[in-house]
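The next block holds one structure in the form of structure tokens; read it before the comments.
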Amino acid sequence: MTMSELPEVPSGFVWGAATAAYQIEGGVAEDGRGASIWDTFTARPGAVADGTSGAVACDSYHRWRDDVDLLAGLGVDAYRFSIAWPRVIAAGEGEVNKAGLDYYDRLVDALAERGIRPFVTLYHWDLPQALEDSGGWRNRATAERFADYTTVVAERLGDRVRDWITLNEPYVSSMVGYGEGRHAPGATEGHGALAAAHHLLVGHGLSAAALRAAHSGVRVGITLNLSPAVPATDSPADHAAAARMDLMLNRQFTDPVLGGGYPDGYDELYAGVSDLSFRRDGDLALIGAPLDFLGVNYYYRIHAAAVPHDEPDPARRTAIDIGVRSVTREGVPVTDLGWPIEPRGLYDTLTGLADRFPNLPPVYVTENGVAQLREGLDADPDRIRFITEHLAAAARATADSPVDLRGYFYWSLLDNFEWARGYGPRFGLVHVDYPTGERTPRASYHWLREQLAGRS
Ligand code: IFM
Numbered sequence: 017m018t019m020s021e022l023p024e025v026p027s028g029f030v031w032g033a034a035t036a037a038y039q040i041e042g043g044v045a046e047d048g049r050g051a052s053i054w055d056t057f058t059a060r061p062g063a064v065a066d067g068t069s070g071a072v073a074c075d076s077y078h079r080w081r082d083d084v085d086l087l088a089g090l091g092v093d094a095y096r097f098s099i100a101w102p103r104v105i106a107a108g109e110g111e112v113n114k115a116g117l118d119y120y121d122r123l124v125d126a127l128a129e130r131g132i133r134p135f136v137t138l139y140h141w142d143l144p145q146a147l148e149d150s151g152g153w154r155n156r157a158t159a160e161r162f163a164d165y166t167t168v169v170a171e172r173l174g175d176r177v178r179d180w181i182t183l184n185e186p187y188v189s190s191m192v193g194y195g196e197g198r199h200a201p202g203a204t205e206g207h208g209a210l211a212a213a214h215h216l217l218v219g220h221g222l223s224a225a226a227l228r229a230a231h232s233g234v235r236v237g238i239t240l241n242l243s244p245a246v247p248a249t250d251s252p253a254d255h256a257a258a259a260r261m262d263l264m265l266n267r268q269f270t271d272p273v274l275g276g277g278y279p280d281g282y283d284e285l286y287a288g289v290s291d292l293s294f295r296r297d298g299d300l301a302l303i304g305a306p307l308d309f310l311g312v313n314y315y316y317r318i319h320a321a322a323v324p325h326d327e328p329d330p331a332r333r334t335a336i337d338i339g340v341r342s343v344t345r346e347g348v349p350v351t352d353l354g355w356p357i358e359p360r361g362l363y364d365t366l367t368g369l370a371d372r373f374p375n376l377p378p379v380y381v382t383e384n385g386v387a388q389l390r391e392g393l394d395a396d397p398d399r400i401r402f403i404t405e406h407l408a409a410a411a412r413a414t415a416d417s418p419v420d421l422r423g424y425f426y427w428s429l430l431d432n433f434e435w436a437r438g439y440g441p442r443f444g445l446v447h448v449d450y451p452t453g454e455r456t457p458r459a460s461y462h463w464l465r466e467q468l469a470g471r472s
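Be aware that the sequence shown starts at 17, since it is given in this note's numbering, and climbs by one per residue.
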């Protein structure tokens, strides 16, 4: 293997590309779609760096056929996309919007015609605003409504969709959305963020059960964003800071989902923040029910430095101050977004999961990718190198540990709306000219197509 070739993978390995509804669809007021928390949040002055929103995005609500053609041209096995809950049930509960379901029905059929396997994410952050108005994920009832919505979608698509992801990155929806306020709904609450994290996981458990009840033969997973937290220096304070960061970012989610309970240290870490009264008997059994796969989104490692509690990181206005700051390390290359490029973090994530969870289900890397801030089609050698180095690290992890890695999805098929950062960061294998919607494959797309075409 040279550095611009993909590693050998077992037969059946799934190559894919990923997107999410609010980031690509646009059409936010069409055919009965209700408002989501991202429609509301993006209207708040200063919430999004460039003042934009997903109102039009890549216009995939109209151009989805082009996107399916791009996937087919790329030669991927699978497409990971998400369903917009407010497109299917405008108010989050109650009346089902047939036109919204029809959109996804057509997309799934078009993928089937091209032999592309859908991996469907049910929740990629676009909560119906009506549910937020009555408390959102702070409330257990939202988890129950999520299960109802799951049933509606599974009954319509479950005859053709086998692979389901309940949630994308519950850390971000809860701790960033309800704790830091950098994402919708833009709250800065301690107890609220922890309640949201727990209720998202309850929602995951209920949704998984709803999927299995709707169709036999479904494969159910959840996608977690995992970032190894390493101490910025050898000081005991930084070691302790890294452990706290690991607990909040990773173990708060991996341990209940895969290990049967919240990690040691969880109650202590949050003692001053919440009475944890949102927990109910039976929740952990629901959250920890066996899964068919785990989705891992890996982008970077965190170099954690201890900071005094009364001097929190000014970049993170979080309501949950755990006394940690993420720092850049000299000599570590970074992306245009300042994210450290460290493929060994993916190795450590995968081998670490295998070490800690003896019953770890098969794993898919459901997101991994790099953004360029420059407009245009250049900078692609960086992307090709990023992909090959991360895949090499993943391949080493499978050689050195029992992790059963079944697939890799590049984030993202298209440049798209990067949440609070707006349209500046471009993650796509395909460049999107936002004023016209025109899609132009980058060199990385052509490179990946050649690599995939060369498979035996
Ligand atoms: O764009 C996001 C995606 O929605 C979730 N995972 C990380 C990506 C890059 O920030």
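Don't be surprised by glycine CBs; every beta carbon is placed ideally from N, CA and C.
Among the options, nearest to residue i - alpha-carbon criterion
| i | options | result |
| --- | --- | --- |
| Gln145 | Leu138, Leu117, Ala411 and Gly50 | Gly50 |
| Leu445 | Asp47, Glu129 and Gly89 | Gly89 |
| Val273 | Leu183, Trp463 and Trp153 | Leu183 |
| Gly28 | Leu87, Gln39 and Ala94 | Ala94 |
| Ile238 | Tyr187, Asp85, Trp101 and Leu292 | Tyr187 |
| Trp54 | Arg161, Trp101, Thr167 and Gly311 | Trp101 |
| Ala126 | Leu302, Arg79 and Arg154 | Arg79 |
| Thr166 | Arg156, Ile181, Arg176 and Arg154 | Ile181 |
| Leu300 | Leu263, Ser223, Tyr278 and Asp250 | Tyr278 |
| Phe402 | Thr452, Ser69 and Trp463 | Trp463 |
| Gly131 | Ile99, Gly32, Ser52 and Ala73 | Gly32 |
| Ile318 | Ala257, Ala245, Ala212 and Asn241 | Ala245 |
| Arg60 | Ala200, Asp164 and Gly116 | Ala200 |
| Tyr77 | Leu117, Gly91, Gly67 and Glu111 | Leu117 |
| Ala253 | Glu358, Ala321, Tyr315 and Pro377 | Ala321 |
| Asp142 | Phe135, Glu185 and Arg122 | Glu185 |
| Thr158 | Ala212, Tyr316, Pro378 and Ser20 | Ala212 |
| Leu429 | Gly91, Ser69, Ala305 and Ala65 | Gly91 |
| Pro134 | Glu21, Ser98 and Lys114 | Ser98 |
| Glu41 | Gly67, Arg360, Arg437 and Tyr119 | Tyr119 |
| Asp149 | Arg372, Thr56 and Thr68 | Thr56 |
| Asp271 | Ala305, Gly392 and Glu434 | Ala305 |
| Ala106 | Arg81, Asp47, Tyr424 and Asp308 | Asp47 |
Residue burial classification, residue i (beta-carbon count within 10 angstroms, cutoff 16)
| i | result |
| --- | --- |
| Asp83 | buried |
| Asp75 | buried |
| Arg399 | buried |
| Asp431 | buried |
| Gly152 | buried |
| Arg6 | Since the first and last residues shown for the chain are 17 and 472, residue 6 lies out of range. |
| Asn375 | exposed |
| Arg96 | buried |
| Ser52 | buried |
C-beta contact flag for residue i and residue j at 8 angstroms
| i | j | result |
| --- | --- | --- |
| Thr344 | Pro356 | yes |
| Gly193 | Thr204 | no |
| His140 | Ala36 | yes |
| Leu210 | Leu292 | yes |
| Arg161 | Gly221 | no |
| Gly385 | Tyr450 | no |
| His215 | Asn155 | yes |
| Ala370 | Val312 | no |
| Ser20 | Thr404 | yes |
| Leu263 | Tyr314 | no |
Distance cut-off 7 angstroms: residue i Cβ against heavy atoms of ligand 1
| i | result |
| --- | --- |
| Phe57 | no |
| Phe443 | yes |
| Asn266 | no |
| His140 | yes |
| Ala36 | yes |
| Asn241 | yes |
| Gln388 | no |
| Glu41 | no |
| Glu358 | no |
| Asn384 | no |
| Trp54 | no |
| Trp80 | no |
| Glu196 | no |
| Trp427 | yes |
| Asn313 | yes |
| Glu21 | no |
| Trp101 | no |
| Asn184 | yes |
| Trp435 | yes |
Closer than 8 angstroms to chain C by CB, residue i
| i | result |
| --- | --- |
| Pro201 | No chain C appears in this structure, which consists of one protein chain only. |
>> Extract the residue ranges of the beta strand (DSSP E) inside the segment 377-457, only unbroken runs of 3 or more that lie entirely within it.
In response: 379-383, 421-427, 446-449 and 454-457
> Which whole runs of the alpha helix (DSSP H) in the segment 197-276 are 4 residues long or more, in chain order?
Replying inline: 206-230, 252-262 and 268-274
> Whole alpha helix (DSSP H) runs in the segment 99-182 with 4 or more residues, listed along the chain?
Replying inline: 101-104, 114-129, 145-149 and 156-173
> At which residue ranges does the segment 299-345 contain complete beta strand (DSSP E) runs of 3 or more residues, listed in the order of the chain?
Replying inline: 309-313, 318-322 and 340-342
>> I'd like the ranges of any alpha helix (DSSP H) spanning at least 4 consecutive residues and lying wholly in the segment 32-99.
In response: 37-40, 53-58 and 76-90
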